[in-house]
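Following: one structure in structure tokens, then a few remarks.
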Amino acid sequence: MKKFLLTTIMLVGLSALSKAQQGRVGINTTTPATTLDVTANTADTSKPDALLVPRLTRAQLLAKDAAYTADQNGALTFVTTIDGTATPKTTNVITTGFYYYDAPNSVWKGVGGGSSTPNFQIQKGRLHSANAPIVWAADDYSVVTTAMGGTSQLLLPNATTLPLNSVRCVSSNGPGNVGWDPAAVPGTTRPINNLPSTITSGGSFCFIIVDQAGTNVWAMLSGR
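In my numbering, the protein residues as written are 201 to 424.
Given below as structure tokens:
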């Protein structure tokens, strides 16, 4: 009996070693059909059958920005909480769910379901009360000014660091007009079709990133 049991263990071990040498690993199976083959254990209803990928909050993921390079192309993670301020790499991380790393474009992208970018979503907005240039946070999608006036105020976020079709809106709810910061670069931090050149009191404008000869640039979308 002992010899039979020992022989059986040896055969199972040799079979697993053979599959491992073929570059295949099986869990709950001795005949893995792929590089990693996980077979459900349906006989034991007390144990969950699943795979768990690394789970991080958005703040924890963006803290690792520098760690994700070409070698991590296709890496998969699950974002549990939307916190922190988005970076260019995490600009698409706007809901909880699965994301994979697209190394050629240096950005995380949603994997279907709840993590995919919806067709329309109300995003973060804020009031800007200081009579000083607007400093955009990565996740500011709309800004309402309440005390700005004159010129040299508006500087859009760098278009080359944001996804195509990104939209930003500015409304002037203060006593004066809002003009462009002298540092604004046409197409990059100001629209290529920036006419009129100021936003009058009570007016608002939206801007969208479009493709111009392979480069992301700002264009005026609407306004009054």
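Glycine included, C-beta positions come from ideal geometry on N, C-alpha and C. From a predicted model like this one, the values you see are computed outputs, not experimental measurements.
Local conformation of residue i per DSSP, three classes
{"i": "residue 290", "result": "helix"}
{"i": "residue 249", "result": "coil"}
{"i": "residue 308", "result": "strand"}
{"i": "residue 239", "result": "coil"}
{"i": "residue 256", "result": "strand"}
{"i": "residue 285", "result": "coil"}
{"i": "residue 360", "result": "helix"}
{"i": "residue 262", "result": "helix"}
{"i": "residue 271", "result": "helix"}
For residue i, the nearest candidate out of the options (CA to CA)
{"i": "residue 359", "options": "289, 245, 274, 391", "result": "391"}
{"i": "residue 371", "options": "364, 237, 398", "result": "398"}
{"i": "residue 307", "options": "420, 283, 264", "result": "264"}
{"i": "residue 381", "options": "361, 365, 357, 261", "result": "357"}
{"i": "residue 369", "options": "269, 403, 278, 295", "result": "403"}
{"i": "residue 305", "options": "294, 295, 288", "result": "288"}
Rounded straight-line distance, which links the Cα of residue j to that of residue i
{"i": "residue 234", "j": "residue 271", "result": "22 Å"}
{"i": "residue 246", "j": "residue 227", "result": "17 Å"}
{"i": "residue 401", "j": "residue 250", "result": "57 Å"}
{"i": "residue 414", "j": "residue 379", "result": "28 Å"}
{"i": "residue 354", "j": "residue 255", "result": "38 Å"}
{"i": "residue 386", "j": "residue 291", "result": "23 Å"}
{"i": "residue 366", "j": "residue 408", "result": "6 Å"}
{"i": "residue 446", "j": "residue 266", "result": "The displayed coordinates of the chain run from 201 to 424. Any statement about residue 446 would go beyond what the structure contains."}
{"i": "residue 244", "j": "residue 278", "result": "27 Å"}
{"i": "residue 420", "j": "residue 405", "result": "7 Å"}
Bridge partners - residue i, DSSP secondary structure assignment
{"i": "residue 412", "result": "415"}
{"i": "residue 277", "result": "299"}
Test: residue i CB closer than 7 Å to a CB of chain D
{"i": "residue 267", "result": "The question asks about chain D, but that chain is absent: this structure has only one protein chain."}
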